[in-house]
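A.B. asks: Per the numbering used here, residue 17 is the first one in the sequence shown, and the count goes up by one each step. Sharing a structure here in structure tokens format.
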Amino acid sequence: MVETAFVDAGRKRASAGSYLRLARPKQWTKNGFVLAGLVFSGEAFMPSSVASAALAFAAFCALSGAVYAFNDVLDVEEDRKHPRKRLRPVASGEVSPRSAVVFAAALAAAGLTACFYVGVGVGISGVAYLLLQALYTGVLKHLAILDVMSISAGFVIRALAGAQAVGSPISPWLLVCTGLLTLFLGFTKRRYELASLGDGAAVHRRNLRDYSVPLLDEMMNIMLAATIIAYSLYTFFVYANGEQIFMMASIPFVVYGVLRYMLLVHRDGGGNPDTLLLRDRPLQITLLLWLVVVMFVLYFL
């Protein structure tokens, strides 16, 4: 009775802010991978391409928001046992499960409509993203290693959608770099969950019983090294001719960025990898400088 009263009282507090929190705008930085195609296609100063890429980015924000909202309904009981996730709108009772499902469906419809408006290729990518998320939610998130690989695949789909949005082929090297980097980020997320939840980790997420902090540290180290090597080879082989050979000047920023990220993950037990970029100024500056170097090489040399 007390819990029911708490939930009913929470529902009365539902507002536009509650629904915005359902879509998790802090996670939208992940959709920045959609913009990679715009930058590396050499069309970042073409208004039509910028508009298409921006709409594709917004569309994937809507699609990812739909996935988050729907997952909050599916995971409501587990979230209520989590020290941080119990404050989410559905778990806390601010938004009813039925309202969250309707909201998720509306976001998914809006996102797919925007994707197909940009182009058929972007639309297909949007559908593939939702199908992957459905498979992840139903099966893959319970399987160690495959859970992180499926998360990484979602980022690769984003990169492909961005290339389709500007009508430009995307380098296989860029897809490899995206996949390796996001595997690294995925393992840091699992490490954070394991370290922060302690003995209750397996209760919240079953597949965490198959991981350990030392194992995840090894996986992170492998992916970090592979990311640096793959990006370095990318700058050598793709931009080996002409003035664009100076693309290798962007390598130090990638090296520092991933090592800085690793430092933050390990510092004081680690922070939430999902929000590190939003609150760490050195990471933000590094990303900006990397983008400046890449843009200068591609557009002015």
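Note that CB positions come from ideal geometry on N, CA and C, so glycine has one too.
1) Please work out which residues of its chain come closer than 7 Å, Cβ to Cβ, to L196, disregarding the five sequence neighbours upstream and downstream, and give them in chain order.
2) Around the Cβ of N47, are there at least 16 other Cβ atoms within 10 angstroms (buried) or fewer (exposed)?
3) Express the C-alpha separation of E94 and F203 in angstroms, rounding to a whole number.
4) Taking the beta carbon of A15 as the centre, do at least 16 other beta carbons fall within 10 Å, making it buried, or is it exposed?
5) Do you know offhand how far H213's Cα is from C131's?
6) Give the range of the alpha helix (DSSP H) segment to which K205 is assigned.
7) I need the DSSP call for R37, collapsed to helix, strand or coil.
8) Taking its Cβ as the centre, do 16 or more other Cβ atoms sit within 10 Å of K97, making it buried, or is it exposed?
9) Among R40, S68, F61, which residue has its Cα nearest to the Cα of A179?
10) Return helix, strand or coil for R114, following the three-state DSSP convention.
11) For the alpha helix (DSSP H) that contains N237, what are its first and last residues?
12) So, with DSSP's three-state summary, where would you put L93?
13) Go to V143, then tell me how far its alpha helix (DSSP H) extends in each direction, as first and last residue.
14) Comparing C-alpha positions only, which one of P113, S64, S108, V143 sits nearest to N87?
15) Where H158 and T129 are concerned, what is the direct C-alpha to C-alpha distance, given to the nearest angstrom?
16) Name the residue from D226, E234, S187, T198 whose alpha carbon lies nearest to the alpha carbon of Y250.
17) How should S64 be labelled, buried or exposed, when 16 other C-beta atoms within 10 angstroms of its C-beta is the threshold for buried?
18) Measure the C-alpha to C-alpha separation of V138 and A82 and round it to an integer number of angstroms.
19) Tell me the residue span of the alpha helix (DSSP H) that contains M311.
20) Here's a check: name, in chain order, each residue in its chain whose Cβ is nearer than 8 Å to the Cβ of A21, leaving out the five neighbours to either side.
21) Report yes or no: is there a C-beta of chain B within less than 7 Å of the C-beta of K157?
22) Span of the alpha helix (DSSP H) holding S266?
23) Do you know how far the Cα of A75 is from the Cα of Y35?
24) Let me make sure I understand the geometry here. Which of V254, I261, S248, R207 has the alpha-carbon closest to that of M235?
C.D. replies: Result, derived from the coordinates:
1) M239, A242, T243, A246
2) buried
3) 21 Å
4) The structure shown does not extend to residue 15, since the chain is modelled only from 17 to 317, so the question has no answer here.
5) Note that residue 213 corresponds to Leu in the displayed sequence, not to His. Computed Cα separation, rounded: 37 Å.
6) 188-213
7) helix
8) exposed
9) S68
10) helix
11) 229-254
12) For the record, residue 93 in the displayed sequence is Glu; it is not Leu. Three-state DSSP puts E93 in a helix.
13) 136-154
14) P113
15) 31 Å
16) S187
17) exposed
18) 17 Å
19) 297-316
20) Bear in mind that the predicted position of A21 carries a pLDDT of just 40, short of 50, making it unreliable; the figure below should be weighed with that in mind. Within the same chain, A21 has no close Cβ partners at all.
21) Note that chain B does not occur in the displayed structure, where there is just one protein chain.
22) Looking at the DSSP string, S266 is not in any alpha helix (DSSP H), and its letter there is neither H nor E.
23) 17 Å
24) R207
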